[in-house]
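Encoded as structure tokens, the structure appears first; notes follow it.
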Amino acid sequence: MQKINQNKMEQSLHKSERYYLFTGIFFIFFGLAALFAPGMTAISLTVIAGYIFAFFTVAGGTVGLLSSIDPDTHNRVLKFVFSLLNIVAGFIIIFVTIMRPDIIATFIVYFIAFWAIFIGILEITASFELRKLIKNEWLHIINGFFSIIFGLLILVDAFAGAIALIILLGVFALIYGGIYLSLFFKIKKLNNIHEQN
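Number 300 in the numbering used here belongs to position 15 of the sequence shown; there are no gaps in the numbering.
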């Protein structure tokens with residue numbers, strides 16, 4: 286039974302290889318855009334950050350939802366619920382942006398903060414499963430703690446201004462993207478070893 290579960294985890298990890306690659310690239314581009322976007326106001330940057338966040342959660346949730354249908358996917362129910370929450374979160378951002386533009390900046394600040402904390406907890410939980418396949422795998426745990434700290438920093442300093450939020454978001458995105466790219470190369474190496482065997 287344990288061997289079957291491990292095989293499912295390996296198959297699931299193999300299928301998620303591109304997810305880690307595209308997620309890492311996306312966050313790095315987003316981080317650079319947030320830090321170096323010229324001539325944009327704080328509010329417009331916050332709204333754009335909200336739209337990008339919405340797009341990413343909906344797109345990532347859709348990919349995860351389709352993946353959870355595959356019977357070989359490890360922890361299908363957990364992945365399904367998490368993916369569904371991602372999609373709902375994205376549409377909430379879009380809805381509030383359209384219907385209540387007057388509160389969008391404040392809403393996005395708090396929403397991203399709580400979502401980062403939530404994602405961080407899930408990252409740490411997922412790391413224990415991943416460490417069964419990749420020895421000395423700490424990147425997911427570091428990513429999770431970093432995400433929680435990022436969310437708490439936003440909550441503590443929520444009124445420091447949108448510019449500060451964008452800078453913090455940009456730095457977070459660059460580090461987050463770098464960690465995901467590192468995970469991609471680790472998973473790719475692991476997959477190559479399994480293919481050779």
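For each residue, glycine too, the CB sits at the ideal point set by N, CA and C.
* Have a look at Gly316 and Ile310 and give me their C-alpha separation to the nearest angstrom. => 10 Å
* Asked: When DSSP labels each residue in this structure, what does Trp400 get in the three-state scheme?
  -> helix
* With a Cβ-Cβ cutoff of 8 Å, do Gly345 and Leu369 count as a contact? -> no
* **Sequence-distant residues of its chain with Cβ nearer than 8 Å to Ile426 (five each side left out)** => Glu408, Ile409 and Ser412
* Three-way DSSP call (helix, strand, coil) for Arg303 in this model -> helix
* To do: Determine the DSSP secondary structure at Ile379, reduced to helix, strand or coil.
  => helix
* Round the Cβ separation of Gly405 and Phe430 to the nearest angstrom and send it over; I've been treating them as touching at under 8 Å. => 7 Å
* Endpoints, alpha helix (DSSP H) assigned at Ile433 -> Leu424 to Val441
* Given a threshold of 16 other Cβ atoms within 10 Å of its Cβ, counted over all protein chains shown, does Lys474 qualify as buried or as exposed? -> exposed
* Per-residue burial, Tyr461 [other beta carbons within 10 Å of its own, 16 or more giving buried] -> buried
* Asked: Which one of Phe457, Phe338 and Val373 has the shortest CA to CA distance from Ile393?
  -> Phe338
* CB Gly436 to CB Ile389, shorter than 8 Å? -> no
* Asked: Do Gly469 and Leu306 have their CB atoms nearer than 8 Å?
  -> Just to set this straight, residue 469 is Phe in the shown sequence, not Gly. Cβ distance < 8 Å, so Phe469 and Leu306 count as in contact.
* Leaving aside the five residues before and after Phe365 along the sequence, list all residues of the same chain whose C-beta is less than 6 Å from its C-beta, in chain order. => Ser353
* To do: Could you give the DSSP three-state label for Ile388: helix, strand or coil?
  => coil
* CB-CB length for Val348 against Tyr304, believed under 8 Å -> 6 Å
* Asked: Is Val332 closer than 8 Å to His372 when the C-beta atoms are compared?
  -> First, the residue type needs correcting, since residue 372 is Ile and not His in the sequence shown. No, they are not a contact pair.
* Test item: CB-CB of Ile378 and Phe367 under 8 Å -> no
* Asked: How many angstroms separate the CA atom of Phe312 from the CA atom of Ser432?
  -> 13 Å
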